[in-house]
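Every letter in the sequence shown is one number past the one before it in the working numbering, and letter 93, counting from 1, is 93.
Heads up, the beta-carbon is just placed ideally off N, CA and C, and yes, glycines get one too.
A quick note: this is a predicted structure, and the numbers were derived from the prediction, not measured.
Worksheet for the structure shown next.
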Amino acid sequence: MKIVITCKLPNEAIESLLETYEVVMWEVENEPMPRKRLLEEIQDADGLFTNVADQIDKDLLAHANCLKVISTMAVGYDNIDLEEARKKGIVVGHTPGVLTEATADLTFALLMASGRRLVEGMDIIRQNKWKSWAPFFLTGQEINRKTIGIIGLGRIGLGVARRAKGFSMEVLYHNRSRNEEVEKEHDAKYCELDELLERSDYVVLLAPSTKDTYKMMGRDQFIRMKNSAVFINTSRGTNVDEDALYEALNSGEIFAAGLDVFDSEPIHSNHRILQLRNVTVLPHIGSAAIETRMAMARLASENLRNGLEGRPLVHQVK
Ligand code: DGY
């Protein structure tokens, strides 16, 4: 059987695939397989090993004549046309669980960096603009004992809540539905979205990308937030109206934002949001810790092998 791997991976992460199948792997570091090549390779592939950088859409799947399994090295699968895959009898696997802690770490790091203006401080030193210690120079927002509002309290959200408790923060959350067990265990309080936005000092967006969450953070939501509030997004860029976020940051409607994800990735360096002083940006690296990425690659390999050999996937997208 033939499998296509759209990104370069270390051999030790995909040993079992290399031993068993004919593997076509894109060999260029840090770049996805070009669409044209993927369209060619997918035609006679039985398995596809993909990630969030590829668009597995209707057009691509129309070229797949014998594809049985799509395995994405990610927890999110909004880049995959699930309906089309289902119609063609293709099963889809993903990698929840193994990236929870690394992504929660990065989310909290971004929260701290944005609240306390860490990157601005580094830029000032690099540009030789640091004149002296001064009482209100680069003052940010405290974190300890503040209120954090988590939109989307799933695995990663709970990881962020645990970290927040270490900083004696009050934890509010908003989900589609309330979970009283989780509330007791994590001392988190359920709020309607508007109340969460009004009360939180840090608003952390971790909702999956669906048609219901598309641009769920827009002008009305940013207006509800405190002027001192910090907004963090480590979910998907499509969950945010970037024009509204730009306006909110530029007008001082909110204090700062930390973003690991964007509406269109990679974001171009001339994007106007990058001109703002109060935005901290990262190139979608929530899960980018070495051990985590190895675990994700191994789990994605196992999903792919299980699917190709007729066994249940470890994590199949429902
Ligand atoms: C995911 O897993 O969905 C992330 O966005 C990439 O690690």
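Assumed close pair residue i, residue j - CB separation to whole angstroms, cut-off 8 Å
| i | j | result |
| --- | --- | --- |
| N233 | F255 | About 15 Å separates the two Cβ atoms, so there is no contact after all. |
| R293 | S301 | So it is not a contact: roughly 13 Å between Cβ atoms. |
| G93 | V317 | 7 Å |
| T280 | G258 | 5 Å |
Distance between residue j and residue i (C-alpha atoms, nearest Å)
| i | j | result |
| --- | --- | --- |
| L304 | C66 | 14 Å |
| T72 | S209 | 16 Å |
| L319 | I285 | Outside the shown range of the chain, which is 1 to 318, sits residue 319, and nothing can be said about it. |
| A113 | P266 | 21 Å |
| H315 | E83 | 18 Å |
| E192 | K184 | 18 Å |
| T6 | A297 | 12 Å |
| E12 | R224 | 49 Å |
| I56 | N79 | 6 Å |
| S264 | V4 | 25 Å |
| F49 | A85 | 14 Å |
| E19 | A295 | 19 Å |
| K306 | L17 | At residue 306 the sequence reads Asn, which differs from the Lys that was named. Roughly 11 Å between the two C-alpha positions. |
| K129 | R272 | 23 Å |
| R178 | E253 | 29 Å |
| E142 | V240 | 25 Å |
| F231 | I148 | 10 Å |
| E22 | I14 | 12 Å |
| F262 | R236 | 7 Å |
Residue i vs residue j beta-carbon contact at 8 Å
| i | j | result |
| --- | --- | --- |
| L61 | K88 | yes |
| E41 | V24 | yes |
| K58 | D44 | no |
| R155 | T100 | yes |
| L197 | Q221 | yes |
| D326 | K146 | Residue 326 falls outside the range modelled here, since the chain spans only 1 to 318, and no answer is possible. |
| D260 | L282 | yes |
| A161 | I150 | yes |
| V98 | L299 | yes |
| L313 | V119 | no |
| G47 | M1 | yes |
| A229 | V204 | no |
| P32 | D54 | yes |
| A74 | G159 | no |
| R126 | G140 | no |
| A102 | A289 | yes |
Reference residue i; option with closest CA among the options
| i | options | result |
| --- | --- | --- |
| N278 | S301, R293, L299, N250 | N250 |
| D212 | T238, D201, R224 | T238 |
| E29 | D243, P10, Q141 | P10 |
| N144 | V91, F137, G115, G47 | G115 |
| E181 | D194, L153, A64 | L153 |
| N175 | R163, G140, D194 | D194 |
| D243 | S235, M225, L274 | L274 |
| E27 | A13, K8, E12 | K8 |
| L138 | G121, I148, N128, K129 | G121 |
| F167 | S177, I124, F108, N179 | F108 |
| L38 | A64, I148, L17 | A64 |
| L276 | E15, E22, D123, R199 | D123 |
Minimum Cβ-Cβ distance from residue i to chain B less than 8 Å
| i | result |
| --- | --- |
| L193 | You won't find chain B in this structure, because it holds only one protein chain. |
Contact test: residue i Cβ vs ligand 3 heavy atom, cutoff 7 Å
| i | result |
| --- | --- |
| A244 | Annotation note on ligand 3: not contained in the displayed structure, which lists ligand 1 as its ligands. |
At least 3 beta-carbon pairs within less than 8 Å: the region 216-227 vs the region 171-183
no
Stretch pair the region 127-137 + the region 182-195: three plus CB contacts closer than 8 Å:
no
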